[in-house]
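As structure tokens, the structure follows; a few thoughts come after it.
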Ligand code: NAP
């Protein structure tokens, strides 16, 4: 029997089969969960729907996390379809590509707010709606990166957003813990995805991360997915407010992605 058998969960942020959310999907499905997905717009529905159907998804609906009305409609539909929600994975981030390429000190108010809104506040906005459908044993996980706690070249505004996301994880964990709901973040090492292509010199970042890690290699979507499935499951019933690194041990080593 899988560790998520009998549980219903949302996975937000599958863009394609390279997405971290897709690695999470495969692990959750293998462990027995019934899954629901979002897609951002009609164009993306064409990509997400076949993937979702391939894992027997019972819920596939549009959701732009920057839109409160869409958010309300989406979670109302979750309630109508499933009644109760056991877990939610938030694997969503966005920043203006130009603002990541420019010096961080030049970031505009608009780009700052946009990145924080979609990459950090959206987790809080999803959590407040998802929590209403969860009971004791509910679990939420978001995806973060080392750039939250170190100034990683090329990661600028996204690093600031991830710092807000990690702090939000702790405060959500404190609030929702009184309802028996756990909230954690997974800090993944660099993985080649659509979102990663916005980060300046990502290839170099991957090389440095592999070299500086304990295992001497980067991690895969599958490895991030497996750890996320554990955090979503009752096996992690005593874990909340945590940032769990899945980075081959890079963050505790002497290596630094910013240093030659
Ligand atoms: P990805 O496949 O491009 O996933 C990012 C997702 O965010 C996409 O599904 C994207 O949808 C979605 N998104 C962006 N704006 C949205 C909005 N307004 N409403 C709804 N969805 C929106 O890239 P990924 O690397 O797997 O990223 C997933 C998460 O992992 C992100 O939080 C990222 O920061 C984090 N992470 C990534 C790495 C890495 O090296 N790749 C490392 C650590 C953490 P569309 O594509 O449809 O726009």
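Numbering (the working numbering), first residue to last: 42 to 301. Even glycine gets a Cβ: it sits at the ideal position worked out from N, Cα and C. The model shown is predicted, which means the values in this text are computed figures rather than measured ones.
Q: Check whether the segment 68-75 touches the segment 43-50, taking contact to mean three or more Cβ pairs, one atom from each stretch, closer than 8 Å.
A: yes
Q.
Rounding to the nearest angstrom, what Cα-Cα distance links residue 197 and residue 145 in this structure?
A. Within the chain shown, numbered from 1, the residue matching residue 197 stands at position 156. Within the chain shown, numbered from 1, the residue matching residue 145 stands at position 104. So the alpha carbons of these two residues sit roughly 5 Å apart.
Q. Which ranges would you report for the beta strand (DSSP E) in the segment 94-147 if only whole runs of at least 3 residues count?
A. 100-103 and 128-131
Q) Within 10 angstroms of its Cβ, does residue 293 collect 16 or more other Cβ (buried), or is it exposed? A) Residue 293 sits at position 252 when you count from the first residue of the chain shown. With fewer than 16 other Cβ atoms within 10 Å, it is exposed.
Q: Alpha carbon to alpha carbon, how far is residue 136 from residue 222? Give it in angstroms, no decimals.
A: Here residue 222 is taken as the residue at index 181 of the chain shown, counted from 1. Here residue 136 is taken as the residue at index 95 of the chain shown, counted from 1. Roughly 29 Å separates the two Cα atoms.
Q.
Please list the terminal residues of the continuous alpha helix (DSSP H) segment that includes residue 248.
A. On the chain shown, position 207 is the one that residue 248 refers to. Segment 243-253, the alpha helix (DSSP H) holding residue 248.
(Q) At a threshold of 8 Å, does residue 59 count as lining the ligand NAP (C-beta to nearest heavy atom)? (A) The sequence position of residue 59 within the chain shown is 18, counting from 1. Answer for residue 59: yes, Cβ within range of the ligand NAP.
Q. Where residue 204 and residue 228 are concerned, what is the direct C-alpha to C-alpha distance, given to the nearest angstrom?
A. Your numbering for residue 204 matches position 163 in the chain shown. Your numbering for residue 228 matches position 187 in the chain shown. Approximately 11 Å between the Cα atoms of the pair.
Q: Count the other CB atoms, across all protein chains shown, that sit within 10 Å of the CB of residue 255; report buried if there are 16 or more and exposed otherwise.
A: Walking along the chain shown from the start, residue 255 turns up at place 214. The residue is exposed, with fewer than 16 neighbouring Cβ atoms inside 10 Å.
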